[in-house]
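Number of protein chains: 2
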Amino acid sequence: MHNQLKNISIFKSLSDEALDRLAAISLEVQHQKGKILIYADKTEPHFYILLSGIARAYSDGENQEITFWFGQSGDVLFSFNSYINNKPGYENIELLDDCCLLQMKLSDLFSLYSQHLEIANWGRKIAEQELIATERRLIDRAFKGAAERYQDFLTQSPELIKRVALKHIASYLGVTQVTLSRIRAANK
Amino acid sequence: MHNQLKNISIFKSLSDEALDRLAAISLEVQHQKGKILIYADKTEPHFYILLSGIARAYSDGENQEITFWFGQSGDVLFSFNSYINNKPGYENIELLDDCCLLQMKLSDLFSLYSQHLEIANWGRKIAEQELIATERRLIDRAFKGAAERYQDFLTQSPELIKRVALKHIASYLGVTQVTLSRIRAANK
DNA sequence: GGCAGCATTTTACAAATGTTAAAAAAATAA
DNA sequence: TTATTTTTTTAACATTTGTAAAATGCTGCC
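Here it is as C-alpha cells:
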C-alpha cells in the first residue's frame, strides 16, 4: 500500500513515515459506474482519493440537477460539509465510470490530524487547494461568458468532454443544455 | 495582546499556549477608509484579521470591477493565492471604513504551522471555513435567482446594506446595478 | 434491420438581464 | 442655503438566455 500511495501526486510531498501512517488507514475499494458514492442528505464518514475513473458532484434543485464538480484520477473526493462540519452536505457524488478509490475513515484521518504535524499540514494544503480552485471558478463565472468557459473547459479537461453527457457539462458551466448547444453550433 | 486575542471568535478554540505563540507574531495596525490593503498584482506577505471596520475584495475586469467578498469584524482577510501559492492573487482588498486589524507575517505564521500541531490544525480549519463559504456561494449562484440572493444578503448582512455602495453589492450578487435597482423597486 | 429509449440539436417564442442615456435623489462641499 | 458631485433609479431598447416542443441522431437489443 505504501508504494502505491507514493505514485499519487497528492502524496508526493510526504515523508515515508507519514505515508506509512496514511497507508495504515487506507483501503482500496472498487465501485461500478452509476454508483452514488455520497448522498447529499447523509453525513458521509469517508474521505476518498480517486485512483481511476471519473466522477461528478451535483445538487438537486426543484426541477433540475446541477453538476458543479468533476473528478478525475488523482483528485480527492469528499463531502465538504461532512468533512468540515460533520453534517450532511450539499452534494451527491456519482461515479461516471467503474472506479477504483482509496478510502479512509474520517475518524481515522482526523485522529491522525490531531497527532501528526506533517499530516495536519498536508490536510491543510488539501483544503487550501480546493479553496483556490473554488474561488477560481467563482471569479471565472463573473468575468467570463458561457462561451469562454466552455472553451476553457475544452482545453483544460479534454478527456471529460468525450466521456461526460453534455447536460452535465452545461449545468457545470452554468447554462442550460440549449444554450450549450448554441455555443457549440457557433463554434463550427 | 494575548487577552485581546482571546475575545476574537476565530481564536476561541485555541489553548493558552497556542494563543501566546500567535500573539507573539501579531501586530495591531490601523488603516484609513479607502486604503487598498492588498493589491491583486502583488504577492501579499501578510495575513490579517479584521478587528473593526468593513472591507471588500474585488477584481478588475476589462470595463468593470467585481466585488466578490465583504469582510466584517472578526473575519480573516488575506490574498488566497499569496497565502496558498506565494504568488500574486486575483483580488484587491479595499477598506471601506477606518479599520483596526491584526497583522501577521505569513513567514512567521507558516513557521508556526510547521512547528506547532495545534496551530497547524487551526490553519487547516481556517482554510476549510473559507472553502465551505465559497462553495456555498457557488451553489447559491446556481440555484437562486438574483432577487433571492438579494433577500438573503439583506437578512444575513443587514449592516452591510447600510454601509456599502449598491454598485458593490450588485456586482457581489452577480448582476448589474440597473438590475439590482429593479429588484429593489419590485420589493416595495 | 428495425424498434425503443435516451441524448442532442433546432426552432419559435417568452422572460430576464444587459446597455446606454437621462432623470431623480442623495450626499458633499462651498 | 445653494451649488456641485456622486449615487441611484428609471426608461427605452438590444441581447442573451430560458422554456417547451419537435426533430434529429445515437445506442443497444430483440
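Listed in order, the protein sequences are those of chains A and B.
For the first sequence, the numbering used here begins at 1 and goes up steadily by one.
For the second sequence, the numbering used here begins at 1001 and goes up steadily by one.
Backbone N, C-alpha and C define an ideal beta-carbon position, used for all residues, glycine too.
Minimum Cβ-Cβ distance from residue i to chain B less than 8 Å
i	result
residue 44/A	no
residue 92/A	no
residue 150/A	no
residue 66/A	yes
residue 9/A	no
residue 80/A	yes
residue 153/A	no
residue 179/A	no
residue 127/A	yes
residue 143/A	yes
residue 59/A	yes
Coil, strand or helix - residue i by DSSP
i	result
residue 44/A	coil
residue 1098/B	coil
residue 1075/B	coil
residue 1062/B	coil
residue 52/A	strand
residue 67/A	strand
residue 5/A	helix
residue 1165/B	coil
residue 14/A	coil
Test: residue i CB closer than 8 Å to a CB of chain A
i	result
residue 1139/B	yes
residue 1185/B	no
residue 1015/B	no
residue 1024/B	no
residue 1192/B	With chain B represented from 1001 up to 1188, any question about residue 1192/B goes unanswered, as that position is not in the structure.
residue 1174/B	yes
residue 1113/B	yes
residue 1038/B	no
Option nearest residue i by Cα separation, candidates the options
i	options	result
residue 20/A	6/A, 10/A, 32/A	6/A
residue 9/A	70/A, 89/A, 125/A, 110/A	125/A
residue 165/A	46/A, 108/A, 181/A	181/A
residue 147/A	187/A, 167/A, 30/A, 109/A	187/A
residue 91/A	160/A, 110/A, 150/A, 56/A	56/A
residue 1013/B	1169/B, 1122/B, 1143/B	1122/B
residue 157/A	72/A, 35/A, 62/A	72/A
residue 23/A	40/A, 38/A, 4/A	4/A
residue 32/A	93/A, 174/A, 172/A, 136/A	93/A
residue 952/B	109/A, 105/A, 106/A, 118/A	No information on residue 952/B is available, as it lies outside the stretch 1001 to 1188 that chain B covers here.
According to DSSP, residues forming a beta bridge with residue i
i	result
residue 1027/B	1103/B
residue 84/A	Answer by DSSP bridge pairing: none, since residue 84/A is not bridged.
residue 1187/B	DSSP lists no partner for residue 1187/B.
residue 1057/B	1069/B, 1093/B
key: Secondary structure, alpha helix (DSSP H): runs of 4+ residues fully inside the region 1097-1159 of chain B   = Segments of the alpha helix (DSSP H) lying fully in the region 1097-1159 of chain B: 1106-1113, 1117-1143, 1146-1156.
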